[in-house]
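Protein chains: 2
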Amino acid sequence: MSRSPSTPPTLEDVARVAGVSRATVSRVVNGTRNVDRKIQEVVRAAIDEVGYAPNRAARSLVTKRAGTIALVVSGAGEPGEEGAFASRVLSDPFFGRVASGVLGFLRTRGVHPVLMVSDTERAREDVLAFLRQGSADGALLVSTHAEDPLPARLVDAGLPAALFARPARPMPISYVDLDHQAGAKLAADRLVGRGCRQVATISGPLDVPASQDRLTGFRDAVARHGSPYVPIAEGGFTAGSGEAAMERLLAEHPGVDGVFAANDLMAQGALAVLHKHGRRVPEDVALIGFDDSGPALTCRPRLTTVRQPVEDMAAEMARLLLDHVDDPASPPRSVIFEPALVVRESA
Amino acid sequence: MSRSPSTPPTLEDVARVAGVSRATVSRVVNGTRNVDRKIQEVVRAAIDEVGYAPNRAARSLVTKRAGTIALVVSGAGEPGEEGAFASRVLSDPFFGRVASGVLGFLRTRGVHPVLMVSDTERAREDVLAFLRQGSADGALLVSTHAEDPLPARLVDAGLPAALFARPARPMPISYVDLDHQAGAKLAADRLVGRGCRQVATISGPLDVPASQDRLTGFRDAVARHGSPYVPIAEGGFTAGSGEAAMERLLAEHPGVDGVFAANDLMAQGALAVLHKHGRRVPEDVALIGFDDSGPALTCRPRLTTVRQPVEDMAAEMARLLLDHVDDPASPPRSVIFEPALVVRESA
DNA sequence: GGTGGATCGGAGAGCGCTCTCCGAGTAGGG
DNA sequence: CCCTACTCGGAGAGCGCTCTCCGATCCACC
Numbered sequence: 003m004s005r006s007p008s009t010p011p012t013l014e015d016v017a018r019v020a021g022v023s024r025a026t027v028s029r030v031v032n033g034t035r036n037v038d039r040k041i042q043e044v045v046r047a048a049i050d051e052v053g054y055a056p057n058r059a060a061r062s063l064v065t066k067r068a069g070t071i072a073l074v075v076s077g078a079g080e081p082g083e084e085g086a087f088a089s090r091v092l093s094d095p096f097f098g099r100v101a102s103g104v105l106g107f108l109r110t111r112g113v114h115p116v117l118m119v120s121d122t123e124r125a126r127e128d129v130l131a132f133l134r135q136g137s138a139d140g141a142l143l144v145s146t147h148a149e150d151p152l153p154a155r156l157v158d159a160g161l162p163a164a165l166f167a168r169p170a171r172p173m174p175i176s177y178v179d180l181d182h183q184a185g186a187k188l189a190a191d192r193l194v195g196r197g198c199r200q201v202a203t204i205s206g207p208l209d210v211p212a213s214q215d216r217l218t219g220f221r222d223a224v225a226r227h228g229s230p231y232v233p234i235a236e237g238g239f240t241a242g243s244g245e246a247a248m249e250r251l252l253a254e255h256p257g258v259d260g261v262f263a264a265n266d267l268m269a270q271g272a273l274a275v276l277h278k279h280g281r282r283v284p285e286d287v288a289l290i291g292f293d294d295s296g297p298a299l300t301c302r303p304r305l306t307t308v309r310q311p312v313e314d315m316a317a318e319m320a321r322l323l324l325d326h327v328d329d330p331a332s333p334p335r336s337v338i339f340e341p342a343l344v345v346r347e348s349a
Numbered sequence: 003m004s005r006s007p008s009t010p011p012t013l014e015d016v017a018r019v020a021g022v023s024r025a026t027v028s029r030v031v032n033g034t035r036n037v038d039r040k041i042q043e044v045v046r047a048a049i050d051e052v053g054y055a056p057n058r059a060a061r062s063l064v065t066k067r068a069g070t071i072a073l074v075v076s077g078a079g080e081p082g083e084e085g086a087f088a089s090r091v092l093s094d095p096f097f098g099r100v101a102s103g104v105l106g107f108l109r110t111r112g113v114h115p116v117l118m119v120s121d122t123e124r125a126r127e128d129v130l131a132f133l134r135q136g137s138a139d140g141a142l143l144v145s146t147h148a149e150d151p152l153p154a155r156l157v158d159a160g161l162p163a164a165l166f167a168r169p170a171r172p173m174p175i176s177y178v179d180l181d182h183q184a185g186a187k188l189a190a191d192r193l194v195g196r197g198c199r200q201v202a203t204i205s206g207p208l209d210v211p212a213s214q215d216r217l218t219g220f221r222d223a224v225a226r227h228g229s230p231y232v233p234i235a236e237g238g239f240t241a242g243s244g245e246a247a248m249e250r251l252l253a254e255h256p257g258v259d260g261v262f263a264a265n266d267l268m269a270q271g272a273l274a275v276l277h278k279h280g281r282r283v284p285e286d287v288a289l290i291g292f293d294d295s296g297p298a299l300t301c302r303p304r305l306t307t308v309r310q311p312v313e314d315m316a317a318e319m320a321r322l323l324l325d326h327v328d329d330p331a332s333p334p335r336s337v338i339f340e341p342a343l344v345v346r347e348s349a
């Protein structure tokens, strides 16, 4: 127990100590078939005695399962920005919630995710190679922009995968998503309900399906309240882009009294600009964000926002992938989650 | 090329197509020994033709290398908070920067990190088991609290590891760290230099070495300027704890005109409280944070803060680990980085 | 007491790869 | 022309595991 041999103990060692065959030890370890009670105890004692841990490589060589999946953050770095993409995305609390949800689910199944960033063609090849060489059984994909070629490549290669959001183009792949339109409607109803007469929106990048849905959902809901026109300023999901968008909105529509930002970070930026211009929130301008992330709580006033159940969605995504890995013949599935309005001070 | 056989191509298949032996293909793939030019070309053509990718499990079975390391976020979840720890840490932009630095370095070496959270005894066992079964060649550890037992356990088990911060108790293990005292001195000098007469500090949890260092570094530097007493409010590195700490400070020392918060999140909280009490920043109270993270930039006024080169540190940590994995006989090493003051509006 | 079936342990093949050892070929020196 | 030295491809063992097949044992039932 205390002596540490140069080489870790193997099944063979356990078998010798327990006085049984390798196969029997394997059966005890994996719980396959019936093994006599007494023999089980002897084997378990032997395992403890030698400090045995099954060798992952040997096991997956024969089972053809890695017991690992890839958690891929996919997107396009600006050429030459070298790692800035990784930094930006990984520092985004939204990704933290996704990772946390994935981890929370996977730990119940004893599998661990490998973290990968695919922001260049080279990196995409790495991901594909990683999966093809059996290092991971499948991929969980969180894309940050619409034209990501990786999902299609995975489908073409027949590699199991699940996405965090509906792909830009329809393809046979599992995904989880939010009913973004419903979320935007929640925001619109709240804004109009509290008496806003001139609402506007700071949208996300319009090539992202989620941004489009939030925009059309917001527009439709506002239209249903009788206002056909909604000023838009497009942002990039960052605080800085939210500031710029708010400035534009204020310049072009000084009378705006209600703003729906397509995420909290942009709402935070908008808030700063509103403060700067002496507009009180929510008295002069009501503001609603999206995501219910950290910034929503640290803002003053705290943000009224649309909450997506990100952790639950991420867990479900992991479940979809694992199910597909277990039964490769099963068809792709999608699960859509419902958002909820979290009312705080800003609207 | 286009037909997809039920089973992926192996070395054997490549060898057959190329008309050489398995060994030769292996040599070409791995670049070991000399192989005749022409044969190399034939082999490479065959590899492309069959779409060969070396099987990771088979390879690591014989090389006894996983080609993977574990990136462990270690800390104590409050009993029963179930996954909240993971969510909190992974959403922390600081961790995002660490992950990004690690990833940036590892991708140059073709290794990928497995993300693990160890917040319970069970989870710690998982990490240990994961390493002992050879699923990863070593561990990168980011601890959030001082009494983390994992580093010692890794050392005892003889498993390669590197820490992101100096361990609470000295032990033979590699780590990178910041010269926290120097960072705190930077803040103190700035505060005193701009004329603050009554400075105070919001410290991190005092059982964390980094917090202690920042506190003593700040105290010493202020003392060197002639003020022996520095009011302290202990926080927990969260925005909420920063708010509470600032409230206490203001209640007990209404005349405070300069505050050093041990991280940006707490500074952000302090800022909100300062606003609430009608204190202008930096005119009435100058405020300095630590980390130069996202919140520092999104705050208004933007935070003057002490920047740690987190990405560089994380990359170095990964390098230390990989070096140790390559040469297990090499002694543990530590690398200390220098902080820099980033001057913005808050001080 | 004989027989069929169920239960459960052991033997051994083989997963895909690396690497040592061997031997064939070539070249150079005496 | 022979012997040594060096280069480079092939054969084959073996990494640690799972799993199929086989055979031994035991029991129930006729």
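Going down the list, the protein sequences come from chains X and Y. Residue numbers for the first sequence follow the working numbering, beginning at 3 and rising by one. Residue numbers for the second sequence follow the working numbering, beginning at 3 and rising by one. Virtual Cβ for every residue (Gly too), placed ideally from N, Cα, C.
When the options are compared against residue i, the one with the closest alpha-carbon
{"i": "Y177/Y", "options": "P330/Y, A349/Y and E318/Y", "result": "E318/Y"}
{"i": "G195/Y", "options": "T34/Y, V345/Y and K40/Y", "result": "V345/Y"}
{"i": "S145/X", "options": "S243/X, S76/X, P95/X and F96/X", "result": "S76/X"}
{"i": "A357/Y", "options": "D209/Y, K278/Y, D158/Y and D38/Y", "result": "In this structure chain Y extends from 3 to 349, so residue 357/Y is not present and cannot be described."}
{"i": "A72/Y", "options": "V261/Y, D94/Y, V113/Y and D38/Y", "result": "V113/Y"}
{"i": "H120/Y", "options": "L92/Y, L105/Y and A78/Y", "result": "Just to set this straight, residue 120/Y is Ser in the shown sequence, not His. Of L92/Y, L105/Y and A78/Y, the residue nearest in Cα terms is A78/Y."}
{"i": "E43/Y", "options": "G280/Y, V224/Y, V100/Y and T26/Y", "result": "T26/Y"}
{"i": "C12/Y", "options": "D38/Y, E254/Y and N57/Y", "result": "Correcting the residue type first, residue 12/Y is Thr in the shown sequence and not Cys. Checking every option, the nearest Cα to that of T12/Y belongs to N57/Y."}
{"i": "L217/X", "options": "G228/X, A184/X and I41/X", "result": "A184/X"}
{"i": "I175/Y", "options": "P10/Y, E347/Y, P333/Y and A349/Y", "result": "P333/Y"}
{"i": "M248/Y", "options": "L273/Y, P230/Y and A186/Y", "result": "L273/Y"}
{"i": "T122/X", "options": "L143/X, F97/X, V104/X and L152/X", "result": "L152/X"}
{"i": "P311/X", "options": "V337/X, L305/X, L323/X and R304/X", "result": "V337/X"}
DSSP bridge partner residues for residue i (one or two, in chain order)
{"i": "F97/Y", "result": "Answer by DSSP bridge pairing: none, since F97/Y is not bridged."}
{"i": "T203/X", "result": "I234/X and F262/X"}
{"i": "I338/X", "result": "D179/X"}
{"i": "R309/Y", "result": "D293/Y and A342/Y"}
{"i": "L217/X", "result": "Answer is none; L217/X lacks a bridge partner."}
{"i": "S62/X", "result": "According to DSSP, which records beta bridges pairwise, S62/X is partnered with nothing at all."}
{"i": "A288/Y", "result": "G260/Y"}
Neighbourhood of residue i by C-beta, 7 angstroms cutoff - its chain only, sequence neighbours within 5 removed
{"i": "V430/Y", "result": "Since the displayed chain Y opens at 3 and closes at 349, residue 430/Y lies outside it and no answer follows."}
{"i": "L188/Y", "result": "V308, P341 and L343"}
{"i": "R24/Y", "result": "L13, E14 and A17"}
{"i": "H182/Y", "result": "A212, D215, R216 and G219"}
{"i": "L193/X", "result": "V201, G260, F262, A288, I290 and A349"}
{"i": "R67/X", "result": "D139"}
{"i": "A320/X", "result": "V104, F107, L108 and L142"}
Start and end residues, beta strand (DSSP E) containing residue i
{"i": "I71/Y", "result": "T70 to S76"}
{"i": "L180/Y", "result": "S176 to L180"}
{"i": "S145/X", "result": "A141 to S145"}
{"i": "A164/Y", "result": "A163 to L165"}
Own chain partners of residue i with C-beta closer than 6 angstroms, once the 5 adjacent residues on each side are dropped
{"i": "S6/Y", "result": "Legend: pLDDT at S6/Y = 47, less than 50; position of this residue unreliable, value from coordinates given subsequently. Once the five neighbours on either side are set aside, S6/Y has no close Cβ partner at all."}
{"i": "G206/Y", "result": "S213, F239 and A264"}
{"i": "A241/Y", "result": "L267, Q270 and G271"}
{"i": "G69/Y", "result": "V113"}
{"i": "S4/Y", "result": "Caution is warranted here: a pLDDT of 36 is assigned to S4/Y, below 50, making its placement in the model unreliable, and no coordinate value can be reported."}
{"i": "S150/Y", "result": "The sequence given here has Asp at residue 150/Y, not Ser. So the list reads S76, once near-sequence residues are dropped."}
{"i": "M315/X", "result": "V178 and F339"}
{"i": "L117/X", "result": "L73"}
Enclosing alpha helix (DSSP H) for residue i [first to last residue]
{"i": "V119/X", "result": "Looking at the DSSP string, V119/X is not in any alpha helix (DSSP H); the run it does join, the beta strand (DSSP E), is H114 to S120."}
{"i": "P153/Y", "result": "L152 to D158"}
{"i": "E245/X", "result": "A241 to E254"}
{"i": "D50/Y", "result": "R39 to V52"}
{"i": "R29/Y", "result": "R24 to N32"}
Closer than 6 angstroms: residue i CB and nearest the ligand MN heavy atom
{"i": "A78/X", "result": "Absent from the structure shown: the ligand MN. Ligands present: none."}
Residues near residue i in its chain [Cβ-Cβ closer than 8 angstroms; skip 5 each side]
{"i": "R372/X", "result": "Because residue 372/X is not part of the residues shown, which for chain X are 3 to 349, the question remains open."}
Tell me, please, whether the stretch 129-137 of chain Y touches the stretch 125-139 of chain X by the rule of three or more beta-carbon pairs shorter than 8 angstroms.
Judged by Cβ distances under 8 angstroms, the stretch 129-137 of chain Y makes no contact with the stretch 125-139 of chain X, as fewer than three pairs qualify.
Is the number of C-beta pairs between the stretch 263-270 of chain Y and the stretch 160-167 of chain Y that are closer than 8 angstroms three or more?
Contact between the stretch 263-270 of chain Y and the stretch 160-167 of chain Y is not established, with fewer than three Cβ pairs separated by less than 8 angstroms.
Does the stretch 58-66 of chain Y come close enough to the stretch 23-30 of chain Y to have 3 or more Cβ pairs within less than 8 angstroms?
Touching, no.
Answer yes if the stretch 101-110 of chain X comes into contact with the stretch 88-108 of chain Y, meaning at least three C-beta pairs across the two stretches below 8 angstroms, and no otherwise.
In short, these stretches touch, since the Cβ pair count reaches three.
Decide yes or no for the touch test of the stretch 278-297 of chain X against the stretch 142-162 of chain X: beta carbon pairs closer than 8 angstroms, at least 3 of them.
Segments in contact, no.
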